[in-house]
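Here's the structure we're looking at; comments come further down.
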Amino acid sequence: MARFTALPASLRATDPVAFIATWFSSGLIRPAPGTWGTLAALPFAFVLFILGGAPLLIIAAVVAFAAGIWAAGEYARQSGKPDPSEVVIDEVAAIWLVLSIVPPSWAGWAIAFACFRFFDIVKPWPVSLADRKLKGGFGIMFDDVIAAIYAMLVLTLLNYFLKAF
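Residue numbers (the working numbering): 1 to 165.
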């Protein structure tokens, strides 16, 4: 059964910090807020892909990353937690990067989603190092970008060797 995390007392759901950091409050859903945030990014990715293909997804990921540094850092400061699990803008930017290299099909996006979530959850080195050592908004955002790079490498290899897409 899903439940919801409360926002810090200093924030409302309509506050730009909360709105961006929790990606329209999807990061407040429990359990697995990162998965919910990643899922909530998919409809936007689809529209972005339709409007401008992979280049627009990459541009949007860079914009989300930049906005996420600010929003995640401010949310963390106001919550008093160094890396609040309800902050999911990092998953949004990362999944958009991953999706930029696969065709917009159910199979391609499902594999991309699973691959990214695997690396984001398992946090192999250097994802784990970035997660532990980098602080603030940049630290919250950057470990997911490294997980996205791992996912992109695996997806590229799957496509090269298995013609998966």
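Backbone N, C-alpha and C define an ideal beta-carbon position, used for all residues, glycine too.
What's the call for residue i, buried or exposed, on a 16-neighbour Cβ count within 10 Å?
i: Phe4; result: exposed
i: Ile102; result: Checking the sequence shown, residue 102 turns out to be Val, not Ile. Label assigned to Val102: buried.
i: Leu129; result: exposed
i: Pro33; result: buried
i: Trp125; result: exposed
i: Leu7; result: buried
i: Val127; result: buried
i: Leu48; result: buried
Rounded to whole angstroms, what is the Cα-Cα separation between residue i and residue j?
i: Ala112; j: Ala164; result: 11 Å
i: Ala64; j: Glu86; result: 16 Å
i: Asp15; j: Ser105; result: 34 Å
i: Gly136; j: Pro84; result: 11 Å
i: Ser100; j: Leu153; result: 13 Å
i: Leu157; j: Arg132; result: 28 Å
i: Val31; j: Gly37; result: One point to set straight first is that residue 31 is Pro, not Val, in the sequence displayed. Roughly 11 Å between the two C-alpha positions.
Could you give the C-beta distance for residue i and residue j, rounded to a whole number, given that I count them as a contact under 8 Å?
i: Trp96; j: Leu57; result: 5 Å
i: Ala18; j: Tyr75; result: 7 Å
i: Ser26; j: Ala40; result: 4 Å
i: Ala45; j: Met141; result: The Cβ separation is near 17 Å, so there is no contact.
i: Asp144; j: Leu134; result: Their Cβ separation, rounded to whole angstroms, is 11 Å, which puts Asp144 and Leu134 out of contact at 8 Å.
Can residue i and residue j be called in contact, C-beta distance under 8 Å?
i: Trp109; j: Leu42; result: yes
i: Val98; j: Ala151; result: yes
i: Phe116; j: Ile69; result: no
i: Ala67; j: Ala147; result: no
i: Ala2; j: Ile29; result: yes
At least 3 beta-carbon pairs within less than 8 Å: the segment 45–56 vs the segment 66–81
Touching, no.
Does the segment 113–125 come close enough to the segment 88–100 to have 3 or more Cβ pairs within less than 8 Å?
Three or more Cβ pairs closer than 8 Å define a contact, and the segment 113–125 meets that threshold against the segment 88–100.
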